[in-house]
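Under full-length UniProt numbering, the residues of the sequence shown are numbered 1 to 185, in order.
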Amino acid sequence: MTSRKFVAILLVGTVLDAALFRGVPALWQAKADPAPIVHYAPAENLERIDVALINEAKVSIDMAAYVLSDVAVIEALTRAADRGVALRIYLYEDQIRDYGKPYEALQDLKITPGVEIRVKSASTPLMHLKSYTVDGRVLRSGAANFSASGLKRQDNDLIILESAEAAAAFKRNFEVIWANGGGHG
1 MTSRKFVAIL LVGTVLDAAL FRGVPALWQA KADPAPIVHY APAENLERID VALINEAKVS
61 IDMAAYVLSD VAVIEALTRA ADRGVALRIY LYEDQIRDYG KPYEALQDLK ITPGVEIRVK
121 SASTPLMHLK SYTVDGRVLR SGAANFSASG LKRQDNDLII LESAEAAAAF KRNFEVIWAN
181 GGGHG
């Protein structure tokens, strides 16, 4: 092959490559989601981690909570709604207690504009999730209930995935349980 033909082929290949893949990062330049971050109670105070994550929300939080009785978490959710963050919270009926400070905080949250709460009936199969998404980009999940004991005293984990794909997978499931959810809380 002459050097002229080689240069012509190289030039055509470069032009095609630029035209076909303009704006598409090369495989080696594509950014992968960060590794999941795993936290463990009681060695760590998971309540602080949840509150900090909720405080970062700017647009939306979708939460499925078997138990939601930790006052600091409920107050962080209320502050998020006060900032204009849209909140959808799906709770399990059998775990809602109608007494004490957690109940009062939950009642305050329920009347906050931008908050919608649905409750799954205890007469249906158990809903045991402890997960939420923040702004469709972060998923929080794990064994830790949103209770003082679950977040601070029990052997539990809390996993944070900074992944729009993981958040979207949760959202797809959340939409199903939300649509099938029982009454409003």
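Using N, Cα and C, we set each Cβ at its ideal position, and we do this for glycine too.
- The beta carbon of E93 sits closer than 8 Å to those of V119, K120, S121, A122, G182, all from its chain and outside the five residues before and after it, given in chain order.
- According to the DSSP assignment, G100 belongs to no beta strand (DSSP E) but to the alpha helix (DSSP H) extending over 100 to 110.
- DSSP places E165 inside the alpha helix (DSSP H), whose first and last residues are 164 to 179.
- Under the three-state reduction of DSSP output, I54 falls in the helix class.
- In chain order, E47, V51 place their CB closer than 6 Å to the CB of A72, counting only its own chain and leaving out the 5 sequence neighbours on each side.
- R153 and N173 have their C-alpha atoms roughly 29 Å apart.
- In this structure, N156 keeps its C-beta atom at 8 Å or more from the C-beta atom of A148.
- Residue state for L151 is assigned as helix, using DSSP reduced to three classes.
- Going by C-alpha positions, P36 is about 34 Å away from E104.
- Here the stretch 54 to 68 lies against the stretch 76 to 93, with 3 or more beta-carbon pairs under 8 Å apart.
- Remark: C-beta atoms of L139 and L109 do not approach each other more closely than 8 Å.
- As a beta-bridge residue in DSSP terms, N156 pairs with A41.
- If you draw a 10 Å sphere on the C-beta of G84, you find fewer than 16 other C-beta atoms in it, and that means exposed.
- Here T124 is exposed, its C-beta having fewer than 16 other C-beta atoms within 10 Å.
- L158 places its beta carbon less than 8 Å from that of I49.
- One thing to note: D135 has its Cβ no nearer than 8 Å to the Cβ of T112.
- Inter-residue distance for I54 and S60 is about 10 Å (C-alpha atoms, whole angstroms).
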